[in-house]
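Accompanying notes for the structure given below.
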Ligand SMILES: Cc1ncc(COP(=O)(O)O)c(C=O)c1O
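Numbering (the working numbering), first residue to last: 8 to 297.
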């Protein structure tokens with residue numbers, strides 16, 4: 008059985024036969040959006056939040072989604088069902104569709120919908136036990152006035168450059184600053200620092216994706232009565248932090264042990280552990296399953 012289950016415009020096709028047109032503006036210009044939903048015990052986790060973000064991304068690009076949320080939920084379930092039963096990583100991509108070789112999307116009348124499912128990646132236990140390494144990348148995150156990072160688009164070239172930088176330095180993730188030198192987020196995860204018992208994360212107006220996991224973690228902190236701040240943070244805040252962790256759909260809450268050459272002392276820190284445990288409960292709370 009192939010590693011992937013793939014659908015094109017709602018139809019499941021063998022991976023070797025799954026194709027998109029070379030005139031699809033998603034391929035030509037990165038004019039596409041996507042979401043990744045994970046399963047927990049075979050059920051969709053937080054699909055409602057992901058679909059809300061998909062719709063927001065579509066609105067920002069004036070791209071009309073060809074289906075309603077019920078269709079997407081059902082399709083995600085179908086993708087999961089066609090897998091081997093282990094936990095899934097379910098990606099849905101909506102492209103602008105085929106059109107003339109011209110930037111303006113006016114000739115693209117039919118958006119494409121691609122589904123790609125694979126096993127949920129399993130990160131090394133070592134990364135949770137001793138923390139991962141991140142770097143602060145040279146490449147910067149787009150300002151909100153360019154392609155707003157709040158749009159989860161298929162246009163990820165800054166992130167590609169940043170992750171290449173990270174891997175060259177043996178790091179798992181690269182944290183990007185905005186053009187003003189404030190921290191935003193990593194290439195596929197959000198970042199949190201803990202200092203003096205306060206949990207801080209870059210505010211959305213710094214230009215970043217509003218991570219679904221980030222949102223749950225903020226709720227978890229409020230539930231645990233931990234003070235939280237969405238604020239402006241610099242690389243100095245990382246170096247002075249008591250604890251640092253990153254969050255994403257596939258990683259959950261992952262402690263950071265090294266920022267470049269700088270070693271964090273408590274890894275995983277006690278607050279990170281409390282948040283990670285509470286988030287684990289959120290993951291298994293049936294109210295978040297669809
Ligand atoms: C740029 C970026 N930031 C943050 C995240 C984390 O978001 P979520 O928690 O919704 O997976 C992702 C996920 O892919 C991402 O691509």
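The beta carbon of each residue, even a glycine, is placed where N, CA and C say it ideally should be.
Reference residue i; option with closest CA among the options
i, options, result
"residue 100", "112, 114 and 123", "123"
"residue 118", "132, 65 and 137", "65"
"residue 223", "108, 286, 67 and 181", "286"
"residue 238", "51, 212, 152 and 107", "212"
"residue 163", "59, 39 and 218", "39"
"residue 135", "283, 91, 294 and 292", "283"
"residue 183", "150, 16, 177 and 206", "150"
"residue 272", "251, 132, 168 and 36", "251"
"residue 143", "159, 11, 133 and 174", "174"
"residue 243", "231, 267, 254 and 253", "267"
Backbone secondary structure at residue i - three-state DSSP
i, result
"residue 274", "coil"
"residue 11", "coil"
"residue 177", "coil"
"residue 287", "helix"
"residue 135", "helix"
"residue 262", "strand"
"residue 113", "helix"
"residue 246", "helix"
"residue 168", "helix"
Cβ separation of residue i and residue j, assumed to be a contact under 8 Å, to the nearest whole Å
i, j, result
"residue 102", "residue 32", "7 Å"
"residue 214", "residue 41", "Rounded, the Cβ-Cβ distance is 19 Å, inconsistent with contact."
"residue 49", "residue 81", "Going by Cβ atoms, the distance from residue 49 to residue 81 rounds to 15 Å, so no, they are not a contact pair."
"residue 220", "residue 256", "6 Å"
"residue 227", "residue 138", "Not really, about 19 Å apart at Cβ, beyond 8 Å."
"residue 240", "residue 278", "That belief does not hold up - the Cβ atoms of residue 240 and residue 278 are roughly 16 Å apart, past 8 Å."
"residue 141", "residue 178", "6 Å"
"residue 43", "residue 110", "About 27 Å separates the two Cβ atoms, so there is no contact after all."
Rounded separation between residue i and residue j - CA only
i, j, result
"residue 93", "residue 187", "43 Å"
"residue 236", "residue 157", "19 Å"
"residue 280", "residue 201", "12 Å"
"residue 290", "residue 225", "14 Å"
"residue 261", "residue 199", "10 Å"
"residue 229", "residue 204", "13 Å"
"residue 54", "residue 74", "15 Å"
"residue 288", "residue 258", "15 Å"
"residue 297", "residue 70", "25 Å"
"residue 189", "residue 148", "10 Å"
"residue 125", "residue 112", "31 Å"
Min CB distance residue i to chain D below 7 Å
i, result
"residue 47", "Checking the listed chains, one finds no chain D in this structure; it contains a single protein chain."
Inset, instruction - Pick out the complete beta strand (DSSP E) segments inside the region 199–224, 3 residues or longer, and give them in chain order. - result: Segments of the beta strand (DSSP E) lying fully in the region 199–224: 205–209.
Legend entry - Ranges of the beta strand (DSSP E) found wholly within the region 29–82, counting only runs of at least 3: Fully contained in the region 29–82 are the following beta strand (DSSP E) runs of length 3 or more, in chain order: 39–47.
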